[in-house]
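To start, the structure under review is shown below, and the notes come after it.
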Amino acid sequence: MVPELPEVETIRRHLEPVVTGRRMVRVEVNHPRTTRRNIHPQDVVDRLTGAVVEELRRRGKFLFGLLDNGMTWVTHLGMSGRISVTSPLAARPKHTHFAAETDREDEIRLIDPRTFGFVAVVTPDELATFTGLGPDAFTDLPRSRSLANSLAGRTAPIKSLLLDQRLLAGLGNIYADEVLNRAGVRPTRPGGALNYEEIARLRRAIKPILSAGVAAGGTSLDDLAYSLPDGEAGGYLQRLRVYGREGDHCRRCGTVIKRVVVGGRSSFYCPTCQT
DNA sequence: CCTCCATCCTGTGGGC
DNA sequence: TGCCCACAGGATGGAG
Numbered sequence: 054m055v056p057e058l059p060e061v062e063t064i065r066r067h068l069e070p071v072v073t074g075r076r077m078v079r080v081e082v083n084h085p086r087t088t089r090r091n092i093h094p095q096d097v098v099d100r101l102t103g104a105v106v107e108e109l110r111r112r113g114k115f116l117f118g119l120l121d122n123g124m125t126w127v128t129h130l131g132m133s134g135r136i137s138v139t140s141p142l143a144a145r146p147k148h149t150h151f152a153a154e155t156d157r158e159d160e161i162r163l164i165d166p167r168t169f170g171f172v173a174v175v176t177p178d179e180l181a182t183f184t185g186l187g188p189d190a191f192t193d194l195p196r197s198r199s200l201a202n203s204l205a206g207r208t209a210p211i212k213s214l215l216l217d218q219r220l221l222a223g224l225g226n227i228y229a230d231e232v233l234n235r236a237g238v239r240p241t242r243p244g245g246a247l248n249y250e251e252i253a254r255l256r257r258a259i260k261p262i263l264s265a266g267v268a269a270g271g272t273s274l275d276d277l278a279y280s281l282p283d284g285e286a287g288g289y290l291q292r293l294r295v296y297g298r299e300g301d302h303c304r305r306c307g308t309v310i311k312r313v314v315v316g317g318r319s320s321f322y323c324p325t326c327q328t
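For the first sequence, our numbering assigns the number 328 to the last residue and increments by one with no breaks.
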């Protein structure tokens, strides 16, 4: 139920035709936590109302709407955020903390029970300091040499480093585990202890895992996990090789999948395939 | 700078 | 059935 890169990319693709070239005619922020970083709810309303979205981009798990007033509409779904596109007249689900209506009478909503998601509208200056986001893991994956430089000397577990959005933007707990499995590397290994071959394998694992996730429309742990504007659910769940499979058998070698806690996050791996 | 840890929230599912 | 607890896919800021 939490969006990682493939989920956010899926949402971006569905949202793009709805918002591109559209003027936002009415904007509401209904929860104080839905804006962050000293940005007040009223600022979001003032800055977004009347603006036209020229382009919808994604970097890591962030969505960026480029506006004709020079500012950027930033959205992050956090742990429990869903985006829906409906008629403004449709009943509001619980936890609808943000809504924006376009000049085509579509209402874009952020529904977010845990309120870890947020919306902001920022100036170019504010955008620069808004996130120290690393290169996108899907569209801008660094070379192995560059990854090796980033990992050199690091003692933190490779799993934690893969989750660090400043190094690489987009991997979350599910896909980090899947990438490590495909690369044959245990999540607990110190980042700096990986040899070049392992780093290259890690790099090579990222694209196929993420593109399979995007092709499947994301992962969904249940039908309400995140909903696409048209209400579909993602289909990557059945393709997971380790995540959430503690006690099950590895599809490749039959060994029982283990669960460990790394950096406070559940991590799943095959003790035989991953060393 | 790096690593580790707590924290922000609500909902759900398992065990009893 | 109800209650309680553990846990949830993320990001951040502070302590050491």
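Glycine is no exception: its CB is placed at the ideal position from the N, C-alpha and C atoms.
Just grab the DSSP bridge partners of Lys-311 for me.
-> Tyr-322
How about Phe-191 and Val-127: do their beta carbons lie closer than 8 Å?
-> no
Mind checking which residues open and close the alpha helix (DSSP H) that includes Thr-184?
-> Taken as a continuous stretch (DSSP letters only), Thr-184 belongs to no alpha helix (DSSP H), as it is neither H nor E.
What residues in its chain sit with their C-beta under 7 Å from that of Ser-213, if we drop five residues either side in the sequence?
-> Val-315, Gly-316
DSSP state of Thr-208 mapped onto helix, strand, coil | coil
Cβ shell of Ala-265 (< 6 Å), same chain only, five flanking positions each side left out = none
With 16 other CB atoms within 10 Å as the buried threshold, where does His-93 fall?
-> exposed
Where the beta strand (DSSP E) through Leu-120 begins and ends | 115-120
Which residues bound the beta strand (DSSP E) around Thr-63?
-> Where Thr-63 is concerned, there is no enclosing beta strand (DSSP E), although the alpha helix (DSSP H) it sits in stretches over 58-72.
Exposed or buried, Asn-8, counting other C-beta atoms within 10 Å across all chains shown (16 or more means buried)?
-> Lying outside 54 to 328, the shown extent of the chain, residue 8 is not represented and no answer is given.
Buried or exposed (CB count within 10 angstroms, at least 16 for buried), Lys-147 | exposed
Determine the DSSP secondary structure at Ile-92, reduced to helix, strand or coil.
-> coil
CA nearest to the CA of Phe-151, picked from Val-97, Leu-142, Asn-202 | Val-97
Could you tell me the boundaries of the alpha helix (DSSP H) in which Ala-152 lies?
-> Where Ala-152 is concerned, there is no enclosing alpha helix (DSSP H), although the beta strand (DSSP E) it sits in stretches over 149-155.
Reducing DSSP to helix, strand and coil, say where Pro-177 ends up.
-> helix
Rounded straight-line distance, which links the Cα of Ala-253 to that of Ser-199 = 10 Å
Let me know the alpha helix (DSSP H) ranges lying completely inside the stretch 189-266, each 4 residues or longer, listed in chain order.
-> 197-204, 211-216, 226-236
Pull up the CB-CB distance for Leu-58 and Gly-113, whole angstroms please, since I reckon it's below 8 Å.
-> 7 Å
State the start and end residues of the unbroken beta strand (DSSP E) segment that holds Val-138.
-> 135-139
How would you label Asp-301, buried or exposed, when you count the other beta carbons within 10 angstroms and need 16 or more for buried?
-> exposed
Integer-rounded CB distance, given that Leu-216 should sit under 8 Å from Gly-245 | At roughly 16 Å, the Cβ-Cβ gap does not stay under 8 Å, so Gly-245 and Leu-216 are not in contact.
Give the straight-line distance between the Cα atoms of Val-55 and Gly-206, rounded to the nearest whole angstrom.
-> 31 Å
Report the rounded CA-to-CA distance for Pro-282 versus Gly-187, giving the unit in angstroms.
-> Caution applies to Pro-282, whose pLDDT of 44 falls short of 50 and renders its modelled position unreliable; the value that the coordinates give is listed next. Cα-Cα distance, rounded: 28 Å.
Three-state secondary structure (DSSP) at Leu-293?
-> coil
Start and end residues, beta strand (DSSP E) containing Glu-160 = 160-164
To the nearest angstrom, report how far apart Arg-239 and Val-106 are at their CA atoms.
-> 43 Å
Around the Cβ of Thr-176, are there at least 16 other Cβ atoms within 10 angstroms (buried) or fewer (exposed)?
-> exposed
What is the residue span of the beta strand (DSSP E) that Gly-84 lies within?
-> Checking the displayed sequence, the identity of residue 84 turns out to be His instead of Gly. Run containing His-84: none; DSSP gives neither H nor E here.
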